[in-house]
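So the working numbering is basically just the index in the sequence shown, starting at one, shifted up by 230. One structure below.
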Amino acid sequence: MYNIPLKYTLVQFIIMLFIIVTLCLIIKRIGSKKKKNEELSSAEIRFRMILIISTLLTVMIASIYIFTCTSIVNNQKIDFIMGNFVPEALPLISIIFTSIIVYYYDKSVEYRVKLRREVEEKNEIEEYSHIIEEMYSETRRFKHDYINMLSPLKEYIDNEDIEGLSEFFYNNVIDMDKNIKWSNSNIDKLKYIKVSGLKAILSTKLIKASSMNIDINVHIVEDIDYIHMNIMDLCRIIGILMDNAIEASGECEAPKICIVVANKNDYVVIAVHNNFFGDKPLIHKIYKEGFSTKGRGRGLGLYTVKNIIDIKYENVFLNTSIEGNVFIQEIWIKYI
Numbered sequence: 231m232y233n234i235p236l237k238y239t240l241v242q243f244i245i246m247l248f249i250i251v252t253l254c255l256i257i258k259r260i261g262s263k264k265k266k267n268e269e270l271s272s273a274e275i276r277f278r279m280i281l282i283i284s285t286l287l288t289v290m291i292a293s294i295y296i297f298t299c300t301s302i303v304n305n306q307k308i309d310f311i312m313g314n315f316v317p318e319a320l321p322l323i324s325i326i327f328t329s330i331i332v333y334y335y336d337k338s339v340e341y342r343v344k345l346r347r348e349v350e351e352k353n354e355i356e357e358y359s360h361i362i363e364e365m366y367s368e369t370r371r372f373k374h375d376y377i378n379m380l381s382p383l384k385e386y387i388d389n390e391d392i393e394g395l396s397e398f399f400y401n402n403v404i405d406m407d408k409n410i411k412w413s414n415s416n417i418d419k420l421k422y423i424k425v426s427g428l429k430a431i432l433s434t435k436l437i438k439a440s441s442m443n444i445d446i447n448v449h450i451v452e453d454i455d456y457i458h459m460n461i462m463d464l465c466r467i468i469g470i471l472m473d474n475a476i477e478a479s480g481e482c483e484a485p486k487i488c489i490v491v492a493n494k495n496d497y498v499v500i501a502v503h504n505n506f507f508g509d510k511p512l513i514h515k516i517y518k519e520g521f522s523t524k525g526r527g528r529g530l531g532l533y534t535v536k537n538i539i540d541i542k543y544e545n546v547f548l549n550t551s552i553e554g555n556v557f558i559q560e561i562w563i564k565y566i
């Protein structure tokens, strides 16, 4: 009868266990590199559970292996097949079984990631629709204002009141275009932005700013084709920064907002400049939860911006500075 020394059996068991664990960790690392930027915390937990179960299964099979070999040494009652084939085949079967589990689990993770992306795309479409609705509302309001402004002209014309018509025109109609302040805004530069979500949110907020008699300027000199950041997070951040800029500049006698979007080396830089009235805010405090110069319960916007960037993105940086009475927010997004 073929006997296997117990020392040799133990060495085989340790080597086999090391190979199993190493193989699982390598496959896990390869999978995690592919999904480096995905939020898969729950998937990772399930992966570890499968890894533990597979390891326990391996230990169980190895125990049978040791028991079989020990039986051969002590009792010599195991036939040739049990004494030769089973001890050699079980470790190999265990390795193959564990590899199959990890492989198909990795495939299931990829499938869940695909489903998650589809959900995110659906949410992005809904966000775009919301932005378009806001733009449509602003356009309707603008149209309504013009209709209200021009309707009185009919009465002056019907009554042939040329003097009243002239006075109304020069005091009201002709100043309306000046108040909108489109002529020097360069808002048409938004055409260089090929990222639909960013273009939509900027368009909406700039239309809102112009309707509030805020002088706006846009500086974009090259195409912005791609931004390595979730579009919903980007729109949320830019929306908050623009809302703050509109609110702060609106308190000035001559409100101004300037938007700059540019490629700088490996980064896309989005800058929002606005003037403000009053004391300079403390930069190290403005991102704290609840901080606001406008009263209690209104300090969540910038805290949310900082929170999104710090938790979700290693390639996005926020720079804040103040020059005179101009508040400057810069988002630096690195290409990956």
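Ideal Cβ positions, reconstructed from N, Cα and C, are used throughout, including at glycine. Computed from a predicted structure; not experimentally measured.
Contact between the segment 486-505 and the segment 447-460 is defined here as three or more beta-carbon pairs at a separation below 8 Å; is this criterion met?
yes
Measure from the alpha carbon of Lys429 to the alpha carbon of each residue in Ile444, Ser441, Asp455 and Asp445, then state which is nearest.
In this structure, Asp455 is the residue among Ile444, Ser441, Asp455 and Asp445 with its C-alpha nearest to the C-alpha of Lys429.
DSSP beta-bridge partners for Ser551?
Ile558
In three-state DSSP terms, what is Asp509?
coil
Using CA coordinates, which residue listed in Lys536, Glu481 and Ser441 is at the minimum distance from Leu471?
Lys536
What's the call for Ala484, buried or exposed, on a 16-neighbour Cβ count within 10 Å?
exposed
Within the chosen definition, does the segment 457-465 reach the segment 537-551 through at least 3 CB pairs nearer than 8 Å?
yes
Pairing CB atoms from the segment 472-479 with CB atoms from the segment 418-437, are three or more of them under 8 Å?
yes
Is Ala492 helix, strand or coil by DSSP?
strand
With respect to the beta strand (DSSP E) encompassing Asp418, which residues constitute its N-terminal and C-terminal limits?
Looking at the DSSP string, Asp418 is not in any beta strand (DSSP E), and its letter there is neither H nor E.
Would Leu548 pass as a contact of Ile558 if the rule is Cβ separation under 8 Å?
Their beta carbons are not under 8 Å apart, which means Leu548 does not touch Ile558 by this criterion.
Suppose the cutoff is 6 Å on Cβ atoms and the five residues either side in sequence are ignored; what does the same chain contact list for Lys419 look like?
Within the same chain, Lys419 has close Cβ partners Val448 and Ile450.
The alpha helix (DSSP H) spanning Val535 covers which residue range?
Gly531 to Lys542
Could you give the distance in angstroms between the alpha-carbon of Tyr422 and the alpha-carbon of Arg342?
35 Å
What's the gap between the Cα of Arg346 and the Cα of Ser426?
If you take the alpha carbons of Arg346 and Ser426, they lie about 21 Å apart.
What does Leu564 pair with, by DSSP beta-bridge criteria?
Note that residue 564 is Lys in the sequence shown here, rather than Leu. DSSP lists Tyr497 as partners of Lys564.
Given that a residue counts as buried once 16 or more other Cβ atoms are within 10 Å of its Cβ, and exposed if not, what is Tyr517?
buried
Leaving out the 5 sequence neighbours to the left and right, which residues in its chain are closer than 7 Å to Ile467 when beta-carbon positions are compared?
Val535, Ile538 and Ile561
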